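Notes follow once the structure below has been shown.
Chains as they are written, first to last, in this note's numbering: chain L, 25 to 124; chain S, 5 to 718; chain P, 5 to 484.
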């Protein structure tokens, strides 16, 4: 059996990767995917801890999170589509008219 | 305090009512006086005082049974309790205080009644009905304060009354503060107010002395209650007693117009005549005499103090009597006479002849009140004549040459040189005035004869030097009264208004008649061989009043002197005055006695330049001091040097320093810096707020990393 | 493990009703296409939820295995949020019609979002906090981008969405870590387990992540950067709505979670919180000084108010936290009323395509529309904390609590920052009363009603701050 630490470390790496992705990528969809990665890293942690504590709660949470992620996808993609219609781009660095 | 309860034993419990009745009068007049008719206001005020008198009579009756008297703590009220100082609001009922109550409220009632009529003229002349109420409220307030003064059981409560009567005196002297030109008095409003101020300030000097005495007493005896003080006094050092009594004498000199503080009293005649009669002749000015009598146990402990008091009284008596000879103003003359008579009383109580002093106090209250009120009657009579003349009934040139005008250039109804021959026009006034004058002159068997002779007899026995002063003063007294009577009532009128003078109404003359009766029979209070008053006061006076034997020598001497003075007066002011009046103005002497006295008369006329002396000694010095303080000290030193140079200059230098290097350099730097910093900060924030989502996310991450770093590495 | 009973639903009936009602309205809207009808029905739903909340007042219960709590604290927030919803409807109705994008979905989304905010107040389980946060936020992303074919609105929506989801990720990961540290997500179990935990670093990290995520929602510096952009770009009624409701929900959850679950780490977190407060106050107020657009100014002002609200939080581990929460709730109420009022005035002056939103557009308002400018004056004074306004009472109670807790320096910073805030609030006043101009305002009944209600409330409630405070304090008692 793989020790819990490995799962936690892996999830932390995934979370960090997600953050880095948000920070360095300019495409809104890729940024959103990075955020999904952060959520999924949390999911991984949940499952690992659920196994450690030998209970179901953590695993159930993952379903909740996936649902939320799905909802976010729906809203996020819709927004990106709208923006693409207006600006013909989903490069977030071009979305900087509001500032100061 | 119900009458029924009280009557069961005695009436002592009623004593607060001597104060409350006048208070009630004040309240009624204050609350509803505005709606009442003029007469009603006066009637209420008079009834209040009369009720007070009735209570005093009841107290006297009770005292007749229980001679020792009592102390009534009002509702067990502890007035002041600070540390060791415990003072109750308590009334003292004994023969001395009740004698004073009787005199104050009795004479007060009569003067109130007189004032109803007298002040009516004032209102008529000034078209101001509200002042009628104001007058009677002040008048009642005076009675309240006087009653507190005489019924006090401790020095502080006495001081309350003492200050209170001073206040009323001030208010009433300046009662005509708003009087314009052409009033009944020869002073205009401002000088009336100034007279009030003079009285107040002079009295403050005396009060200062009294206060110091009070402090000393508390320091030495730990109490201000009379009995406690007197019990402990014999154990105090001679120096302490002397200090207390002499500081107290300063208070006495202020209130009772003795040397050197008498100067306010003549000016106080600026007030309405009833005020002069009640406050500045009969009652308030005797408060000092009462104070010495009340404190006689202290004075008895120090023969030096007694000596000084007696000398002050004797000198005042003579000094004021000489000045009275040179006065032309009918009221001023009486004022100096009052000072002189107060000197008699102070001398008496100073010598330890308490009974004689109080006896003279009472009889003097009768006849001096009578004289003042009669003088008021004369003034109103002459004014009425002047009024009739002015308003058409007599068609003649407005003013005859030679009439004496006041400072405003108008006819002066108080100048005796404008009078003459009034005995025919004003017979009642003439008779009562004559009675008062004879009583004052000490002619047998009028009241003044008995009381003055008792003082003289005691003086001969106790203090011969003072006796000499007093008997000379008595001679002058008879002389100036004769002069006054003759100038006012005899020979021919010396002015048109005097020719048309009118007798006053019965309301005005009735109190005069009553007072005249009292002046005639007042001596019966303490006739030789009976000594009613002596025995009566004996119950209060600690050492027992000495029953002085009637001294025929003294009586005879004083009577002879008085008669001589009268004869001299008649000689000078009878034919000779008439004869001189016919001389051309340039050769005519100011007064018939002037040729005989020459320079001395000038001195008398100018009141021995005491006012000028005080002006030079105190006022000038004071003004110079204030000038010095204001110009040299305040302006030059304080303002120019200290303020402008030292403070402002150094401030300016500091400010310059602060402004140039510090402010511009540092503070401005900071302020500008703050502005700049906040601007820079704001623009930095604005730049950070660059609109890039990823940059925002970086900030979130940075914040989180810093927090986690802090939490983990801490 | 027994199942859930009907009583669980009854306890959270206001939320359940609101959600069901929102679903029904989706159908209604789909078939009728009548935004007015939807709006009225939404308003009815909100009123009904208010009624249900009133009935629930005094309830002390947990539902769904202690995942949800209904207590005075929750009901206070319910009422606040529902009232905000009603006021937002009032703001949006005329505005959306004027701007020509009246769509029924707007109101339905708002109902979902309100339900999310209510859930945040009731959440007693960390995972519920996360879900409620998403329920609150996701409709807001849409609403922010609601203006069709408007680049600003869309930009605001996407920024909000990306950053919101990013912050949501932090919250979720924090929950996961706490679950790992304690084996529980129910607040009661967390606090019990935290006492004996063998990994305080994990617990602390989890708590910090949750603080960051929720701090993002309530716009604490440095997690605030989205706020000005989104507030400016979003339709003004949405801005007004999210300024209040997102804050109310965020703070409600933040306080419950930290007071109930993390008292053991309060000593560690208090300096962090205090630093956040100071940063937020300084940055919010200083940045507001440099603004010329009223929406951005109000955005920074709302950031600074988040700082003030957060001030109450520094005492959360001490014995005084009850007072602190009381003053927080009161301040929240004051902020709600004042904020809606000021946004109502902004909406009244706003014209199409983001015009009419600069300070210059307010010049001459005092002369031409004395009532409106007087109302704005009242709101600005209340923001600045000048008596006799509700804002003053809010600041007063808040500073008093902070002082009593021994954070005098923090109270001084707060007072200084209130003074700084007066500068930019009064700048608007200067434009209104001392500058020449000719503003044009159309009189719209519902908007006027909202303005009137809030201006009366700002002054009138100030006079009853005592009873209100007592109510807030009663609400807090349940939390303890």
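Backbone N, C-alpha and C define an ideal beta-carbon position, used for all residues, glycine too.
Treat the numbers as computed from the prediction; the structure is a model and nothing was measured.
* Pull up the DSSP beta-bridge partners for residue 51(L), would you. => The partner list for residue 51(L) (beta bridge, DSSP) reads 115(L).
* **Residue from 234(P), 462(P), 115(P) and 80(P) whose Cα sits closest to the Cα of residue 48(P)** => The shortest Cα separation from residue 48(P) among 234(P), 462(P), 115(P) and 80(P) belongs to 115(P).
* residue 712(S) CB to nearest chain P CB: under 8 Å? -> It does; some Cβ of chain P falls within 8 Å.
* Asked: Is the shortest distance between the beta-carbon of residue 57(L) and the beta-carbons of chain P less than 8 Å?
  -> Answer no: the Cβ-Cβ gap between residue 57(L) and chain P never drops below 8 Å.
* Do you know offhand how far residue 417(S)'s Cα is from residue 333(S)'s? -> Cα to Cα, the separation comes out at about 9 Å.
* Reduced DSSP category for residue 67(P) - H, G, I as helix; E, B as strand; rest coil -> DSSP, reduced to helix, strand and coil, places residue 67(P) within a strand of the structure shown.
* Asked: Taking C-beta to C-beta, are residue 237(P) and residue 274(P) nearer than 8 Å?
  -> No Cβ-Cβ contact shorter than 8 Å links residue 237(P) with residue 274(P).
* For residue 718(S), three-class secondary structure by DSSP -> Of the three classes helix, strand and coil, the one that applies to residue 718(S) here is coil, per DSSP.
* Asked: Can you tell which of 28(P), 173(P), 297(P) and 92(P) has the C-alpha that lies nearest to the C-alpha of residue 705(S)?
  -> Ranking 28(P), 173(P), 297(P) and 92(P) by Cα distance to residue 705(S) puts 173(P) first.
* Take residue 385(P) as the anchor and find which of 406(P), 371(P), 413(P) and 424(P) has the nearest alpha-carbon. => Checked all of 406(P), 371(P), 413(P) and 424(P); the closest Cα to residue 385(P) is 424(P).
* So does the stretch 277 to 294 of chain S actually touch the stretch 436 to 448 of chain S, counting three or more Cβ pairs closer than 8 Å? -> Two segments are said to touch when three or more pairs of C-beta atoms, one from each, lie closer than 8 Å; by this definition the stretch 277 to 294 of chain S does not touch the stretch 436 to 448 of chain S.
* Does any C-beta atom of chain L lie closer than 8 Å to the C-beta of residue 170(P)? -> Yes - at least one Cβ of chain L is within 8 Å of the one on residue 170(P).
* Asked: Quick one: does residue 87(L) have its CB under 8 Å from some CB of chain P?
  -> Judged by the 8 Å Cβ criterion, residue 87(L) is not in contact with chain P.
* Counting only the same chain and skipping the five closest in sequence on each side, list residues whose C-beta sits under 8 Å from that of residue 616(S). => Its chain contains 610 as the residues whose beta carbon lies nearer than 8 Å to that of residue 616(S), once the 5 sequence neighbours on both sides are disregarded; these appear in chain order.
* How is the beta strand (DSSP E) around residue 4(S) delimited, first residue to last? -> There is simply no residue 4(S) to check, as chain S begins at 5 and stops at 718 in what is shown.
* **Meets three-Cβ-pair contact criterion under 8 Å: the stretch 387 to 396 of chain P and the stretch 259 to 278 of chain P** => Contact between the stretch 387 to 396 of chain P and the stretch 259 to 278 of chain P is absent: fewer than three C-beta pairs spanning the two stretches fall below 8 Å.
* Asked: In chain order, what residues of the same chain lie with their CB nearer than 6 Å to the CB of residue 12(P), ignoring the 5 residues before and after it?
  -> Cβ within range, chain order: 67 and 68.
* With a 10 Å radius around its C-beta and 16 neighbouring C-beta atoms as the bar for buried, classify residue 108(L) as buried or exposed. => By the 10 Å Cβ count, residue 108(L) comes out exposed.
* Shorter than 8 Å from the beta carbon of residue 691(S) to some beta carbon of chain P? -> No, its Cβ sits nowhere closer than 8 Å to a Cβ of chain P.
* Taking residue 73(P) as part of the beta strand (DSSP E), name the residues at either end of that continuous run. => From DSSP, the beta strand (DSSP E) with residue 73(P) extends over 72 to 74.
* Beta-bridge partners of residue 74(S), as assigned by DSSP -> 97(S), per the DSSP bridge assignment.
* Asked: Buried or exposed: which applies to residue 307(S), given that a residue is buried once 16 or more other Cβ atoms fall within 10 Å of its Cβ?
  -> With fewer than 16 other Cβ atoms from the protein chains shown falling within 10 Å of its own Cβ, residue 307(S) counts as exposed.
* Asked: Quick one, are the C-beta atoms of residue 424(S) and residue 496(S) less than 8 Å apart?
  -> For residue 424(S) and residue 496(S), yes; Cβs fall inside 8 Å.
* To do: Could you confirm whether any beta carbon from chain S is found closer than 8 Å to the beta carbon of residue 5(P)?
  => For residue 5(P), the pLDDT reaches just 42, beneath the cut-off of 50, and the residue's location in the model is therefore unreliable, although a value from the coordinates is still provided. Not closer than 8 Å to any Cβ of chain S, the Cβ of residue 5(P) fails to qualify, so no.
* Asked: If you run the structure through DSSP and keep just helix, strand and coil, what is residue 415(S)?
  -> DSSP places residue 415(S) in strand when its eight states are reduced to three.
* To do: List the residues of chain S that residue 230(P) touches, going by C-beta distances under 7 Å, in chain order.
  => Per Cβ cutoff of 7 Å: 700.
* **Identity of the residues DSSP links to residue 333(S) by a beta bridge** => Per DSSP, 419(S).
* To do: Would you check whether the ligand COA has a heavy atom nearer than 7 Å to the C-beta of residue 684(S)?
  => For the ligand COA, the structure offers nothing, since it holds no ligand at all.
* Answer with yes or no whether the minimum CB distance from residue 707(S) to chain L is below 8 Å. => So, not an interface residue.
* Asked: Does the stretch 93 to 112 of chain P come close enough to the stretch 220 to 236 of chain P that 3 or more CB-CB pairs lie under 8 Å?
  -> No: the two stretches stay apart, fewer than three of their Cβ pairs being nearer than 8 Å.
* **Three-state class that DSSP yields for residue 496(S) in the structure shown** => Of the three classes helix, strand and coil, the one that applies to residue 496(S) here is coil, per DSSP.
* What are the boundary residues of the alpha helix (DSSP H) that includes residue 36(P)? -> If you look at residue 36(P), you'll find it in the alpha helix (DSSP H) that goes 17 to 36.
* **Bounding residues of the alpha helix (DSSP H) (the contiguous stretch that carries residue 425(P))** => 412 to 438 is the span of the alpha helix (DSSP H), which, as asked, contains residue 425(P).
* Collapsed DSSP secondary structure at residue 295(P) in the structure displayed -> DSSP, reduced to helix, strand and coil, places residue 295(P) outside both helices and strands of the structure shown, so it counts as coil.
* With DSSP run on the structure shown, which of helix, strand or coil describes residue 83(S)? -> DSSP places residue 83(S) in strand when its eight states are reduced to three.
* Going straight from the alpha carbon of residue 407(P) to that of residue 106(L), what length do you get? -> Residue 407(P) and residue 106(L): Cα-Cα distance of roughly 50 Å.
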